[in-house]
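Asks:
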Amino acid sequence: MKRRSVLASLAASAAGGRAAAQEARQLGAGRRAYGGRSPEVHATRFFGDSPTPGTGASRTPLQDTVGVITPSSLHFERHHSGVPRIEAARHELLVHGLAGRSVAFSMEDLRRLPSVSRVHFIECAGNSGREHAGNPGETAQKSHGLVSGSEWTGVRLSTLLRIAGVQGQAQWVVAEGADAARHSRSIPIAKAMDDVIVAYAQNGEPVRPEQGYPLRLVVPGWEGNVHVKWLHRLQLTAGPAMSRDEAASYTDLMPDGRAWQFSFEMDVKSVILRPSGGHALSGPGFHEISGIAWSGRGRVKRVDVSVDGGRTWQPAALQPPVLDRSLTRFTLPWAWDGRDTWIMSRATDETGDEQPTRDRIVAMRGTRPGPDGFNHYNGIKAWHVTSGGQVTHV
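Okay, so the sequence shown: first residue is 1 according to full-length UniProt numbering, each after it adds one.
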């Protein structure tokens, strides 16, 4: 660097330091009753087109997040009939059906019972469906933003069922929400007695209205629509309810025209978030590749990353702790040479399942969407990095 440039740079730094020192002498803002974020932070959920009022979804800005916990205000939404207004003081959860007795639990009753807190992801079954359709979104948010991770606190569903008593012929639990559509899903009794949580808190505060206030189910590893929000009724039954949301909407159409029902578990999946669609690299040199991986069948075991369009792969580092059925952050240092390339990630979970390519998924399931679009898509996602540093979807 020439002497004149060095002097100019030093002068600019000194001016900046004086300005910062002057600002430091000014009295700052006062206290707040409820904390807010910096005015320089603008990440928001994305609203897609909604066919009717009260329905639709808003997507998490994954490319703007770090770690594995999604801020509650950015956790994705999916509604079938809008967000009901419920007074927690008057809300009850009824357990009935093939039970020893019918029990109505108040919120106070639930808080008196032994509680558990666990970190889990929730992913909408239709997340990434645009990729299956061959019409990917421009950003990670638009294609993959129907997944989020939170700490959930509540009571084990098994605790409530044992209090009510489970008759021998009870094989399913039908969970119903208090929304206008009375969204309901059937859960096998084995799962209900295993790890399902009736959650009243998320990330250290009461569950927010759009996430199911005052109660929602958390069904670890299973598709989002089973995590019934605004939960007000649990019915023990001998068979599934075959509600609209499990007989039509959340079924997967197969190439032979048959529908795959009760496809509960979410498959192993990963996506690079930085850099990703809409980002721009400042130039050749060191960049950290970062993304998230998850599986509905357990812990993520490894994530491999390719920076040459899939010709070669190298293992990424998994940031601890790697939790069961939770988002897992992965990173890889990358020395970009400034040339056109494609970057992608491939996750493997502890059961040995490996994230497939889109071609493999299409070969198995075809390209005909089901009644509610494409569900359970978990194909490898590639991003194109141009020589100018622009990152676009493929």
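Quick reminder that beta carbons are idealized off the backbone N, C-alpha and C, glycines included. On a predicted model such as this, the values are computed, not experimentally measured, just so you know.
(1) Just how far apart, CA to CA, sit glutamate 246 and glycine 28?
(2) Quick one: which unbroken alpha helix (DSSP H) runs of 4-plus residues sit fully inside the stretch 310-378? Chain order, please.
(3) Considering only the alpha carbon of each residue, which of Ser58, Gly35 and Gly54 lies closest to arginine 45?
(4) Nearest CA to the CA of histidine 80: which residue from Ala43, Gly177, Arg365 and His132?
(5) What are the partner residues of alanine 175, as DSSP defines its beta bridges?
(6) Could you check the C-alpha separation between valine 362 and histidine 376 for me, to the nearest Å?
(7) Since valine 119 sits in a beta bridge, which residues does DSSP pair it with?
(8) Measure the CB-CB distance between asparagine 203 and glutamate 151 and report whether it falls below 9 Å.
(9) With threonine 70 and glycine 278 assumed to form a contact (beta carbons below 8 Å), what rounded beta-carbon distance in angstroms separates them?
(10) Using the three-state DSSP reduction, which class does arginine 59 fall into: helix, strand or coil?
(11) Determine the DSSP secondary structure at arginine 244, reduced to helix, strand or coil.
(12) With burial defined as no fewer than 16 other Cβ atoms inside 10 Å of the residue's Cβ, what is the status of asparagine 225: buried or exposed?
(13) If you follow the alpha helix (DSSP H) that leucine 160 is part of, which residue opens it and which one closes it?
(14) Given this structure, state the Cα-to-Cα distance separating arginine 358 from glycine 379, to the nearest angstrom.
(15) For the beta strand (DSSP E) holding serine 306, just list the boundary residues, first then last.
(16) With H, G and I counted as helix, E and B as strand and the rest as coil, what does DSSP make of leucine 94?
(17) On the three-state DSSP scale, how would you describe glutamine 141?
(18) Among residues of its own chain, excluding the 5 on either side of glycine 310, which ones have a beta-carbon nearer than 7 Å to its beta-carbon?
(19) Comparing alpha-carbon positions, which option in Pro255, Thr367 and Phe262 lies nearest alanine 248?
Replies: Once the coordinates are examined:
(1) A direct Cα-to-Cα measurement between glutamate 246 and glycine 28 gives close to 54 Å.
(2) With a minimum length of 4 residues, the continuous alpha helix (DSSP H) runs that stay inside the stretch 310-378 are 358-365.
(3) Of the candidates Ser58, Gly35 and Gly54, the one whose C-alpha sits nearest the C-alpha of arginine 45 is Ser58.
(4) The option with the nearest alpha carbon to histidine 80 is Gly177.
(5) In the DSSP output, where bridge partners are listed per residue, alanine 175 has Arg185 and Leu234.
(6) The alpha-carbon atoms of valine 362 and histidine 376 are separated by roughly 12 Å.
(7) Valine 119 is bridged to Glu151.
(8) Between asparagine 203 and glutamate 151, the C-beta spacing is below 9 Å.
(9) 19 Å between Cβ atoms; not a contact.
(10) Three-state DSSP puts arginine 59 in a strand.
(11) Assigned with DSSP and collapsed to three states, arginine 244 falls in helix.
(12) Taking all protein chains in view, the Cβ of asparagine 225 is crowded by 16 or more other Cβ atoms within 10 Å, so the residue is classified as buried.
(13) That run of the alpha helix (DSSP H) goes 157-164.
(14) For arginine 358 and glycine 379, the distance between alpha carbons rounds to 5 Å.
(15) Counting along the chain, the beta strand (DSSP E) containing serine 306 begins and ends at 300-306.
(16) Residue state, collapsed to three classes: strand.
(17) Three-state result, glutamine 141: helix.
(18) For glycine 310, where only same-chain residues beyond five positions count, the Cβ hits under 7 Å are Met344.
(19) Nearest C-alpha to alanine 248: Phe262.
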